[in-house]
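Structure first, then comments.
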Amino acid sequence: MHRYSSLIYPTSQYYVSQRLKLHYTDWGNPDAPLLILIHGGKDHCRSWDWVAERLRNDWHVVAPDLRGHGDSAWAPDGNYCTSAFVYDIAQLVQNLSADKKVRIVAHSMGGAMALRYAGLYPDKVEKLVAIEGLRPLSPPDKAAEEKPPQDRFRDWIEIKQKSASRGAKCYSSIDEAYQRMKAANQQLSDEQVRHLTWHALNQNEDGSYSWKFDYHLNAISPIDLPSDALYEIWRAITCPTWLMWGEDSWASHPKSDGRLSHFRNAEVIAYKNAGHWLHHDQLDQFVRDLQRILP
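Below you can see the structure in the form of structure tokens.
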């Protein structure tokens, strides 16, 4: 498989958060208002390239790799709690826009962290778009929350032990990894899969390839904010907020399941013929919506 993309490429930059060296891409145009694009779990910042390339002339677009993802450092202890991700976002905003408000567009786990940041620092966020970033995301999460804490801790330890014993998944070639990503994301075009696969891999010493994300991310922290506390943070968000949802996604509609009611100033935008990665599935509509709501 050959590396291919018609995109204009950004520069790679780094910042330090809690002693970790974290990576982000910078698409230039530094005098324009700052727009931060945050990816989801087990993803990477280059999944935003198609969106960033279309917005780079109007915004100073920055896309970070979350800790344990992409070209950012892994947590030495393999633990990834939500508070650490939120801290990293706060540190990035502080470094890039200490005295100005920012706009944030974030997907899935990144969306969940961005919503928390916006609730903690409502004076720092001008506008916020969360693509299926609400928690709990689905009934299984609610069931997990209702489990006794000792069961949640035991489950977490077991998953981490299994992840540590297996290590990173290895592929003999980039093409093999490409086929794995293609099978898991059949709605993507071949060009999209090639691009995402290329930027998602590291080559190992023996010549094989592994995904860049830390395999310890398979174990979700056993303790997080209870729903009532999370809803309180959502209610503290003051900026205009858009909750985007794909009609073909496994996630439920934020209005019909009641989660929209926990926001002061939010609306839902639903996308037909789109799943959880709606910004890939309906790129043109997604960019048009951003161009409408972000200014």
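At position 52 of the sequence shown (counting the first as 1) the number is 45 in my numbering, and the numbers step up by one without a gap.
Backbone N, C-alpha and C fix where the C-beta goes; we use that ideal spot for every residue, glycine too.
As the structure is a computational prediction, the values presented were derived from the model and not from experiment.
Secondary structure of residue i, DSSP reduced to three states
i           : result
residue 236 : strand
residue 2   : coil
residue 10  : strand
residue 35  : coil
residue 271 : helix
residue 100 : strand
residue 231 : coil
residue 16  : strand
residue 262 : strand
residue 246 : coil
7 Å Cβ shell around residue i - same chain, five flanking residues per side excluded
i           : result
residue 252 : 127
residue -4  : Bear in mind that a pLDDT of 42 at residue -4, under 50, signals an unreliable position, so the model cannot answer this.
residue 23  : 53
residue 171 : -6, 186, 187 and 190
Contacting residues, own chain, Cβ-Cβ under 8 Å from residue i (five flanking each side not counted)
i           : result
residue 285 : none
residue 45  : 3, 18, 20, 30, 54 and 56
residue 16  : 5, 6, 7, 38, 57, 58, 63, 64 and 65
Exposure of residue i, with buried meaning 16 or more beta-carbon neighbours within 10 Å
i           : result
residue 95  : buried
residue 57  : buried
residue 200 : exposed
residue 215 : buried
residue 9   : exposed
residue 7   : exposed
residue 146 : exposed
residue 293 : The structure shown does not extend to residue 293, since the chain spans only -6 to 288, so no value can be given for it.
residue 112 : buried
residue 97  : buried
8 Å contact criterion, which residue i and residue j should meet: CB distance rounded
i           : j           : result
residue 235 : residue 122 : 5 Å
residue 163 : residue 203 : 5 Å
Contact set for residue i: own chain, Cβ-Cβ below 6 Å, skip 5 residues either direction
i           : result
residue 62  : 37 and 206
residue 289 : Past the boundaries of the shown model lies residue 289; the chain is included only from -6 to 288, so the question cannot be answered.
residue 39  : 192
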